[in-house]
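Visitor: Numbering (the UniProt record's numbering), first residue to last: 1 to 260.
Pasting in a structure now, in structure tokens, and then I'll have a few things to ask.
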């Protein structure tokens with residue numbers, strides 16, 4: 001490609017290849033996202049063990065921070081949504097929010113620079129766990145027969161509509177629900193990381209481009225803007241962890257409610 005077209009052959013446009021990593025120990029699936037998920041698990045367990053250690057009547061700064069985080073998740077994400085009986089599901093939802101948040105914020109940490117859930121397989125895994133919890137909650141609250149009956153056939157539906165309602169309820173409760181839960185998180189993490197890559201790679205290229213000062217200025221602006229995007233992605237990572245946990249709690253709520 002000629003110099004006049006402004007894009008040399010060595011320039012690499014960010015794309016799907018930037019989301020692929022080689023495996024380790026000869027195992028393809030033991031790639032960077034896999035190890036990040038392992039590290040996030042260790043971080044979440046270690047963090048909550050540390051925060052909950054040696055609780056006192058008069059709290060110190062660590063305990064105040066721990067209680068604030070715990071109360072935020074308990075009150076905003078669990079108790080207000082599930083209502084009576086929320087304590088049974090609180091440990092799972094606290095762990096869920098913490099795990100997703102840490103993995104999302106890996107995308108803004110310079111050691112990692114990659115959000116784990118921009119790989120759709122890990123998102124489907126999390127959605128599958130929440131889907132299993134949703135079914136388990138309903139079976140525990142109502143028994144398997146009543147739960148599945150109410151899930152595929154809401155009460156008081158006329159017999160003439162059964163042929164239409166039953167397939168729609170199966171699709172909504174057992175197929176669409178986990179898929180949409182997963183895709184919402186995946187799309188946001190994937191798109192956010194790709195946009196940051198575009199501004200960083202493009203900005204770095206323009207910044208080092210010789211022969212046109214205007215490109216260099218544009219590169220500086222792109223790099224500065226990418227720093228602002230890092231701040232935005234921190235918020236998006238938090239928001240997506242919040243939304244995923246809220247929806248998981250909502251699924252448990254509908255599963256155990258008397259009307260469902």
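Don't be surprised by glycine CBs; every beta carbon is placed ideally from N, CA and C.
Just so it is clear, the structure is predicted and the values come from calculations on it, not from any experiment.
Thinking residue 255 and residue 138 are a contact (beta carbons under 8 Å), I'd like their distance in whole angstroms, please.
Guide: Your numbering for residue 255 matches position 255 in the chain shown. Your numbering for residue 138 matches position 138 in the chain shown. 4 Å between Cβ atoms; contact.
Visitor: Since residue 99 and residue 44 are thought to touch, with beta carbons under 8 Å apart, how far apart are those beta carbons, to the nearest angstrom?
Guide: Within the chain shown, numbered from 1, the residue matching residue 99 stands at position 99. Within the chain shown, numbered from 1, the residue matching residue 44 stands at position 44. Yes, residue 99 and residue 44 are in contact; Cβ-Cβ is about 5 Å, under 8 Å.
Visitor: Does DSSP put residue 13 in a helix, a strand or coil?
Guide: In the chain shown, residue 13 corresponds to position 13, counting from 1. Looking at residue 13 - three-state DSSP - the assignment turns out to be coil, as it is neither helix nor strand.
Visitor: Closest to residue 116 by CA distance: which of 200, 167, 47 and 188 is it?
Guide: Here residue 116 refers to the residue found at position 116 of the chain shown. With distances taken between Cα atoms, residue 116 lies closest to 188.
Visitor: From the DSSP output, which residues share a beta bridge with residue 78?
Guide: Locating residue 78 in the chain shown gives position 78, where the first residue counts as 1. Answer by DSSP bridge pairing: none, since residue 78 is not bridged.
Visitor: Where does residue 129 fall in DSSP's three states?
Guide: Residue mapping note: residue 129 aligns to position 129 of the chain shown, counting from 1. Correct three-state label for residue 129: helix.
Visitor: In terms of DSSP beta bridges, what is residue 27 paired with?
Guide: Along the chain shown, one-based indexing puts residue 27 at 27. According to DSSP, which records beta bridges pairwise, residue 27 is partnered with 24.
Visitor: By DSSP, does residue 47 sit in helix, in strand, or in coil?
Guide: Within the chain shown, numbered from 1, the residue matching residue 47 stands at position 47. Residue 47: helix per DSSP, three-state reduction.
Visitor: Taking only three categories from DSSP, how would you classify residue 209?
Guide: Taking the first residue of the chain shown as position 1, residue 209 is located at position 209. Reduced to three states, the DSSP call for residue 209 is coil.
Visitor: Closest to residue 126 by CA distance: which of 252, 182, 118 and 49 is it?
Guide: Walking along the chain shown from the start, residue 126 turns up at place 126. For residue 126, the nearest C-alpha among the options comes from 182.
Visitor: Who are the Cβ neighbours of residue 69 in its own chain at under 8 Å, not counting the five residues just before and after it?
Guide: As a first step, residue 69 is located in the chain shown; it is residue number 69 there, counting from the start. Closer than 8 Å at Cβ, skipping near neighbours: 51.
Visitor: So does the stretch 204 to 223 actually touch the stretch 25 to 41, counting three or more Cβ pairs closer than 8 Å?
Guide: Contact between the stretch 204 to 223 and the stretch 25 to 41 is absent, because fewer than three Cβ pairs lie under 8 Å.
Visitor: Can you tell me whether residue 162 is helix, strand or coil according to DSSP?
Guide: Translated into positions along the chain shown, residue 162 becomes position 162. Note: residue 162 maps to helix in three-state DSSP.
Visitor: Where residue 153 and residue 199 are concerned, what is the direct C-alpha to C-alpha distance, given to the nearest angstrom?
Guide: Position 153 of the chain shown, counted from the start, is the residue given in the question as residue 153. Position 199 of the chain shown, counted from the start, is the residue given in the question as residue 199. If you take the alpha carbons of residue 153 and residue 199, they lie about 50 Å apart.
Visitor: If you count every other CB in all the chains shown that lies within 10 Å of the CB of residue 83, and 16 or more means buried, which is it?
Guide: Along the chain shown, read from residue 1 onward, the residue named residue 83 stands at position 83. Residue 83 comes out exposed.
Visitor: From what residue to what residue does the alpha helix (DSSP H) around residue 86 run?
Guide: Along the chain shown, one-based indexing puts residue 86 at 86. Careful: residue 86 lies outside any alpha helix (DSSP H) and carries neither H nor E.
Visitor: At the level of alpha carbons, what is the spacing between residue 172 and residue 162?
Guide: For the purposes of this step, residue 172 is identified with residue 172 of the chain shown, where counting begins at 1. For the purposes of this step, residue 162 is identified with residue 162 of the chain shown, where counting begins at 1. Roughly 15 Å separates the two Cα atoms.
Visitor: Please report how far the alpha carbon of residue 53 lies from the alpha carbon of residue 64, in whole angstroms.
Guide: In the chain shown, the residue the question calls residue 53 occupies position 53. In the chain shown, the residue the question calls residue 64 occupies position 64. About 12 Å.
Visitor: I'd like to know if the stretch 83 to 92 and the stretch 10 to 30 are in contact, where contact means that at least 3 CB-CB pairs between them fall below 8 Å.
Guide: Contact fails: fewer than three Cβ-Cβ distances are below 8 Å.
Visitor: Could you tell me the alpha carbon to alpha carbon distance between residue 227 and residue 108, rounded to whole angstroms?
Guide: Mapped onto the chain shown, residue 227 falls at position 227. Mapped onto the chain shown, residue 108 falls at position 108. Rounded to whole angstroms, residue 227 to residue 108 spans 10 Å at the Cα level.
Visitor: Terminal residues of the continuous alpha helix (DSSP H) containing residue 67?
Guide: On the chain shown, position 67 is the one that residue 67 refers to. First-last of the alpha helix (DSSP H) with residue 67: 61 to 71.
Visitor: For residue 251, collect the residues of the same chain with a Cβ closer than 6 Å to its Cβ; drop the 5 residues on either side in sequence, then sort them by chain order.
Guide: Taking the first residue of the chain shown as 1, we reach residue 251 at position 251. Contacts found: 134.
Visitor: Assuming residue 128 and residue 97 make a contact with CB atoms under 8 Å, what is their CB distance in whole Å?
Guide: On the chain shown, residue 128 is found 128 positions in, with the first residue counted as 1. On the chain shown, residue 97 is found 97 positions in, with the first residue counted as 1. The Cβ separation is near 17 Å, so there is no contact.
Visitor: Can you list, in chain order, the residues of its chain with a C-beta nearer than 6 Å to that of residue 165? Leave out the 5 residues immediately preceding and following it.
Guide: By one-based count along the chain shown, residue 165 stands at place 165. Cβ within range, chain order: 157.
Visitor: Count the other CB atoms within 10 Å of the CB of residue 214; is the residue buried (16 or more) or exposed (fewer)?
Guide: Taking the first residue of the chain shown as position 1, residue 214 is located at position 214. Label assigned to residue 214: exposed.
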